[in-house]
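Protein chains in written order, with this note's numbering: chain A, 5 to 292; chain B, 5 to 292; chain C, 991 to 1366; chain D, 991 to 1366.
Backbone N, C-alpha and C define an ideal beta-carbon position, used for all residues, glycine too.
This report concerns only the one structure given below.
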Amino acid sequence: MSILVNNDTKLVVQGITGRDGSFHTRQMLNYGTKVVAGVTPGKGGIDIEGIPVFNTVAEAVEKTNANTSVIFVPSKFAVSAIYEAIDAGITLIVCISEGIPTIEMVKITAYLKHKDCRLVGPNSPGVVSPGQAKVGILPGHIFKKGAVGVISRSGTLTYEIVDHITKVGLGQSTCIGIGGDPIIGTKFIDCLELFANDNDTEAVVIVGEIGGRDEQDTAYYIKENFKKPVFGFVAGKTAPPDKRMGHAGAIISGTSGTAAEKVKIFKECSIKVGDTPAEVADLVKRAV
Amino acid sequence: MSILVNNDTKLVVQGITGRDGSFHTRQMLNYGTKVVAGVTPGKGGIDIEGIPVFNTVAEAVEKTNANTSVIFVPSKFAVSAIYEAIDAGITLIVCISEGIPTIEMVKITAYLKHKDCRLVGPNSPGVVSPGQAKVGILPGHIFKKGAVGVISRSGTLTYEIVDHITKVGLGQSTCIGIGGDPIIGTKFIDCLELFANDNDTEAVVIVGEIGGRDEQDTAYYIKENFKKPVFGFVAGKTAPPDKRMGHAGAIISGTSGTAAEKVKIFKECSIKVGDTPAEVADLVKRAV
Amino acid sequence: MKIHEYQAKDIFKKYSISIPNETVCRTVDEVVAASQEIGLPCVIKAQVMVGGRGKAGGIKIAKTDVEIKDYAAAILGMEIKGIPVRKVLVSEAVAIASESYLGIINDRTEKKTVVMACKEGGVEIEEVARQKPEAIYKVYADPLVGLLDHKAREIGLFLYENPKVAFECAAITLKLYKLFIELDSSLAEINPLVVDKSGRLIALDAKINFDDNGLYRHPDIEAMRDRESQDENELLARERDLSYVRLTGNIGCVVNGAGLAMATMDLVKHFGGEPANFLDIGGSSSPEKVMNALEILLKDKNVKVIFFNIFGGITRCDDVAHGILQAKKSLNIKQPIVARLTGTNEDKAMEILKEAGLIFAATMDDGAKKAIELLQ
Amino acid sequence: MKIHEYQAKDIFKKYSISIPNETVCRTVDEVVAASQEIGLPCVIKAQVMVGGRGKAGGIKIAKTDVEIKDYAAAILGMEIKGIPVRKVLVSEAVAIASESYLGIINDRTEKKTVVMACKEGGVEIEEVARQKPEAIYKVYADPLVGLLDHKAREIGLFLYENPKVAFECAAITLKLYKLFIELDSSLAEINPLVVDKSGRLIALDAKINFDDNGLYRHPDIEAMRDRESQDENELLARERDLSYVRLTGNIGCVVNGAGLAMATMDLVKHFGGEPANFLDIGGSSSPEKVMNALEILLKDKNVKVIFFNIFGGITRCDDVAHGILQAKKSLNIKQPIVARLTGTNEDKAMEILKEAGLIFAATMDDGAKKAIELLQ
């Protein structure tokens, strides 16, 4: 089954004519993702990698029945791209673009409230359901079809952990990079709700990091509601307070949002935590 | 049965300490309306006409279970008063205040969209269900309990027509002054939907005026959907174009929104139209 | 509230919407000076707040210095629909490649702000809406988020095939929307919006109306009100917080409430008379307000009979009666007064007025008929 | 991004939030002049962007001219948490009747802007949130409509019993919210907000942080960045579009991706080493970016070993390898380099680097361990 993206995913690439957009369109096509359309306002009519390009997402949806969008536009235009996708009736938006002001995410969240649409990201590396579809920039070759769901706030750290999971002989049902910004469309708990109902998923790995209290809230949620085994990792144990560690959301405010606090609450909620990426894969391997 | 206001109405008066607020609180109490609270920010703690005054609507609702609000605050504060009532969980707001900028009504309409709350007005004279409750400034003595629903865009013209209806020996189930502004919370059609399900209402009188196309839309709606007899009146047959006739919404734009156009469409949709207020009452009398 | 084209263009300038090079002038000499500044040919446009200026001869292109003087003199001397032309706009003659229409209003039915575009410029949009609605492309702004960029792009791509022009149009649409919202407009219109020979978009004409209910928070807009070209009675009524509109008949109407005031005019007409005005004295009317109302009413020399139609609710009939008495004394009213006063304190009113020489009416119908009879 | 108290107060002034009469000074002479202007007693406050200035002796009340000089000299000469004090704010000593806390942030969990108020001023709000959460009154702004007036009134009525003060506080709350939204703040705080003896509300201290992602649309805010008091390596990294944070260890880390960079630091520590820095070279990294990264890294003289941890995805390992080769040549790198390069084009990278004298590692764990070993 998998979650979010699968064989029914019909993808429109927003910003397909850009450097990243065209490169990853090729990568996604190679992986077998059904990329059906591209959008770059003003460039409607051309083809990229054999994919028709439209001026508007609405037109792309009308002509190709696209249901999922991936956004590769520069940060200044990403907000508009998200609204356009929502208004066009896209049901899943994966925003790779980073650098969106937080207050715009506050507004987008409110705008999404009564819409039948889910946003993953911004600043997401993408979503992959191995063997079915890859939406975003995650490198396809590290994945293997399997029963471990992965949810992560970061990009390359996700590759690292997925790679370990694959190398210990397990595979993934779906891997979601939820993005490293303080306010994101889809949080750990939202993914867990989906994984709970996905028969293909037997265990879940949560890759968290410093900043905010999403991991903490998720731990309590898991303790109360989530029946499948969950494993955790938290990056940033050595991060100093009040410094932004790359991701806009990765910042310890005073003494809150530390890795130690998150690991502690994970453990209190019976979530096994790996000290290193390799250890996470070993923990999963031993349990399933 | 009646609609909107009845014996279960528990009213909070916003702006109760003002001249109009206190005067009409007395009038509404005399009529038998269950006025349970008043609100004037900063004056919480006092009594007006024996009614406790609170600083916030939320507090009034919490302490008195008020479910309906009537707004008598100066126009500059009316927008805030409406939002406050919505946020406090009031389910019917009757806004007597006039002079609210149109764009604020555009916003309020959107804010109300997913809320369990109805707004009547602004610039409404109020709502009366004779024998049960009077919310607003309509003079109580002209009403009589009966089976005619009245919906009107104006104030004193409503009194005039209600008075005629009463004098021909009929009474009213509920009379709603929907307000004379271009954008209002509750329109003719909204009231008709409620009257359709009200067993106490056997016929409906619609008192329209120049400006906009609400009467026209309503006429088509009635033709298709509304089974009870409807009678109409349209004020402003002699109004010149492009002049605001008192009400912010009573303005003929070029050649659209004229009384002639409205009367024509009423008649096309089999709605009997009275040429004078007295004639309207006679038409109703003859039909029911 | 309406403002002149030149005032609307000043606002456009503030919002960085391109307009032609132009100057507003009050005299022929100013026009000549402006035309020398701008260069020939020049367009001279009458500044009056009514439609159909072109048809009335209020817009001319002058190609020579002689034409400039002739046209300026002609236009500055003319009346358009009864309104004397006091100012003209002297404007560069833009080389037009194409014309379209762009306008924003609040849609009463949808309860949203709507942007309307049409590939034909210079049209009367309400006429197009009636005759060829499919020619108008509409996008609605989200009331809370505003006009989203992609909606503005939709407008641009509808009007223009060239992406560069389409995106410039989208930018103008966003500016026009910003102006519309920030200034509490009820109409913001660029008609026509033109592409000049160099591919630039220019607002050739501008129309902005304002929501009267929003004016209190825009004193700078209120200050633009052209008092010269407004009816003095209407201005006076506005100052005194009364709603008054002058009509052409001879029966002066004094009514409480806008709907009833319209119905009263209609009734006078219905029974064969001609109302002289719309006049709403409002809700809680004091004797002073009645005095003020009569003073304004009587400035209209056409008024031969006065018809009071008061349905007391908040308005107390005795207040109105006192007002009538005072006015009769101080204003020396010669016209007969028909009074229909019903509702709150009507008995007291009768008592007050019993020796005032009024003609009383029991109903609106009765009052209207008596007023008409008095004219014969 | 953070700014100083005096800069935040300049912004407050623009938004009509009352602040004390005060002046920023760089020298003792300036402080003396300012104190004469303002009048004694005066408060002298160190302008450093860290908490706990008071405890560190960075805030003093001077009652005499002698104290002014002494305190000014002392504070302008001190370091607070390692940061030298270069400026002080000289401020009137406000007669305080009561102190409270008012702050605005974006709540990550609720995904809404939240206003927080507390009846105790001068507190560390995160501490209160942990210890006594019920002492904090929160109201959420509607993300699309904004902070509604009645929500601001709620804050005012929570903090103050006197309605006049409560409404003044509501007005300040709306201004602070406006500022927060318009300037892309991540924190806007008045702590303490005081009522003075005459009943007026004054922002005695001010703190505004900004969302880095929003800075591109606020060049005026970007211009407030205090380059003097920031780590020069961090500034340089920012200019070169790299994410760098200096730590105190000796193993320099070069990583692609923020999460992996943190995990790399953690791993070094896990195996007993000390990371010298956080350094994310980003996604599509060119050889130049690797060069830049190494140049910045090597400015930190504590770095004894360099650990490259690259998981190629968009980042191509061969680009990184070229960067390392170039840097080795031009920067004369003496420290040993441990390289773990996996993913896209890793084979090419190995080929490029085979004679570069690097220590290769197959995994992160392996790389971290080797780096640590090299120190011994």
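Check                                                                                                                        : Outcome
Exposed unless 16 or more other CB atoms sit within 10 angstroms - verdict on V264(A)                                        : A small correction: the amino acid at residue 264(A) is Ala; Val does not occupy that position in the sequence shown. Under this definition A264(A) is an exposed residue.
CB of T13(B) within 7 Å of CB of A137(B), strictly                                                                           : yes
Spatial neighbours of F1170(C) in its chain, beta-carbon cut-off 6 Å, leaving aside the 5 residues before and after          : I1094 and A1178
Cβ pair G212(A), G261(A) closer than 7 Å                                                                                     : no
Neighbouring residues, chain A, relative to E1229(C) (Cβ below 7 Å)                                                          : None at all; the shortest Cβ gap to chain A is about 43 Å.
Contacts that K1259(D) makes with chain A (C-beta to C-beta distance below 9 Å)                                              : K241 and T242
Beta-carbon contacts of T44(B) that lie in its chain and below 7 Å, excluding the five residues immediately before and after : G19, I20, T21 and V57
Element boundaries [alpha helix (DSSP H), containing Q1026(D)]                                                               : V1018 to I1028
Identified DSSP bridge partners for M109(B)                                                                                  : Paired residues: none, contrary to the question.
Contact with chain C by S84(A), beta-carbon distance below 7 Å                                                               : yes
7 Å Cβ cutoff met for G1112(D) and P1010(D)                                                                                  : no
Chain B within 7 Å of P1133(D), Cβ atoms only                                                                                : no
Which of helix, strand or coil DSSP assigns to L1173(C)                                                                      : coil
Rounded C-alpha distance that separates L1205(D) from I1211(D)                                                               : 7 Å
N- and C-terminal bounds of the alpha helix (DSSP H) containing K1071(C)                                                     : Segment: none, K1071(C) is in no alpha helix (DSSP H) and carries neither H nor E.
Integer Cβ distance of G181(B) from S128(B), believed to fall under 8 Å                                                      : 5 Å
G1263(D) and I1362(D) closer than 7 Å at C-beta                                                                              : yes
The segment 1268-1286 of chain C: positions lying closer than 7 Å to chain B by Cβ                                           : F1268 and D1270
Separation of A1266(C) from T1241(C), as counted between CA atoms                                                            : Sequence inspection shows Ile at residue 1241(C); the Thr mentioned does not correspond to that position. Straight-line Cα distance between these residues: approximately 5 Å.
K271(B) at chain C interface by Cβ criterion, 7 Å                                                                            : no
Under the three-state DSSP convention, the category I7(A) falls into                                                         : coil
Proximity test, Cβ basis, 7 Å: L1137(C) and chain A                                                                          : no
Chain B within 7 Å of L1226(C), Cβ atoms only                                                                                : no
C-beta atoms of K271(A) and L287(A) nearer than 7 Å                                                                          : no
G1146(C) to K1359(C) span [Cα, whole Å]                                                                                      : 58 Å
Burial state of E108(A), where buried means 16 or more other Cβ atoms lie within 10 Å                                        : buried
Residue-chain proximity (S1188(D), chain A), Cβ-Cβ < 7 Å                                                                     : no
Counted within 10 angstroms of its Cβ, other Cβ atoms place H168(A) as buried (16 or more) or exposed                        : buried
Reduced DSSP secondary structure (H/G/I, E/B, other) of V77(B)                                                               : coil
Chain-ordered neighbours of A1156(C) on chain A, where CB pairs are closer than 8 Å                                          : G46
For D1055(C), the three-state DSSP class (helix, strand or coil)                                                             : helix
Alpha helix (DSSP H) runs wholly inside the segment 1257-1318 of chain D, at least 4 long, in chain order                    : 1277-1289
At least three beta-carbon pairs within less than 8 Å, the segment 1223-1232 of chain C to the segment 1281-1298 of chain C  : yes
L1066(D) at chain A interface by Cβ criterion, 7 Å                                                                           : no
Cβ-Cβ separation, I1065(D) to V1078(D) (assumed contact under 8 Å), whole Å                                                  : 5 Å
Own chain, CB closer than 6 Å to S1008(D), minus 5 neighbours either side, in chain order                                    : I1192
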